[in-house]
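Participant: If you use numbering that gives the first Met the number 0, the sequence shown closes out at 160, no skipped numbers anywhere. Heads up, the beta-carbon is just placed ideally off N, CA and C, and yes, glycines get one too. Values in this document were obtained by computation on a predicted structure and should not be read as measured data. I have a structure I would like to understand better, so I am pasting it below and will then ask my questions one at a time.
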Amino acid sequence: MQIDVRQAAIETKRDFAFIVEDANAWQKARGSEAWAGPFDDEWMLPRIERGELFLAYAGAAPVSAFRVLWEDHPFWGDREVGDSIYLHTFAVRRSCSGRGIGPAVIEQVAIMGQHSGRAKLRLDCFLANTRLISFYERNLFASVGVTSVKGRLMNLMERAI
């Protein structure tokens, strides 16, 4: 799948919010844990300003939303040593699922990390979401630990870049 990754901007914040809120509602409808949200201006605007939010496009349409961090002490604690890029708040537009967008985004984030001299791509997901963990394992991630954040058990995963 060919995608074009661009930083989210104030003009595209509605696209970002739609994609993550739609994915969040889908997770909840399936009985899975989901993000606490909301993905409103209070949450998005500081992250847009810091350059953390991205949209992936297939043609003119945004098909994925995600956040990139260069450090993540809250989830990774002492394991955070400055050698990783972190993928957070990752969602694919539900109407586009199954088209290879997820793996394409993961590869683009890995390339971002590689260009910045990082050795690993890391992420976390809810420990109870075995289906999502399997997806990440198929995309070369390995589980390397569990942490509790705000009372929720999170599976820590990483892969070499």
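Return the bridge partner residues of Phe53 from the DSSP annotation.
Facilitator: Gln6, Phe65
Participant: Identify whether Arg117 lies in helix, strand or coil by the three-state DSSP scheme.
Facilitator: Coil at Arg117, not helix or strand.
Participant: For Ile9, tell me which candidate among Ala35, Trp25, Glu32, Leu52 has the shortest Cα-Cα distance.
Facilitator: Leu52
Participant: Of the choices Ser63, Lys12, Thr146, whose alpha-carbon is the least far from that of Arg98?
Facilitator: Ser63
Participant: Just the Cα atoms here: how many angstroms apart are Ala60 and Phe15?
Facilitator: 12 angstroms
Participant: Taking Cβ positions, are Ala35 and Lys27 nearer each other than 8 angstroms?
Facilitator: no
Participant: Can you tell me which residues form a DSSP beta bridge with Val91?
Facilitator: Ser63
Participant: Cβ of Phe74 within 8 angstroms of Cβ of Asp123?
Facilitator: yes
Participant: Based on DSSP bridge pairs, tell me the residues matched to Asp123.
Facilitator: Leu155
Participant: Which value, in whole angstroms, describes the spacing of the CA atoms of Trp25 and Leu44?
Facilitator: If you take the alpha carbons of Trp25 and Leu44, they lie about 24 angstroms apart.
Participant: Quick check: the Cα distance between Ile47 and Asp40, rounded to an integer number of angstroms?
Facilitator: 10 angstroms
Participant: Grouping DSSP H, G and I as helix and E and B as strand, with all else coil, what is Leu161?
Facilitator: This structure cannot settle anything about residue 161, because the visible part of the chain is limited to 0 through 160.
Participant: Which partner residues does Ser147 have in the DSSP bridge list?
Facilitator: Paired residue(s): Leu152.
Participant: In this structure, does DSSP put Ile84 in helix, strand or coil?
Facilitator: Correct three-state label for Ile84: strand.
Participant: So, with DSSP's three-state summary, where would you put Ser96?
Facilitator: coil
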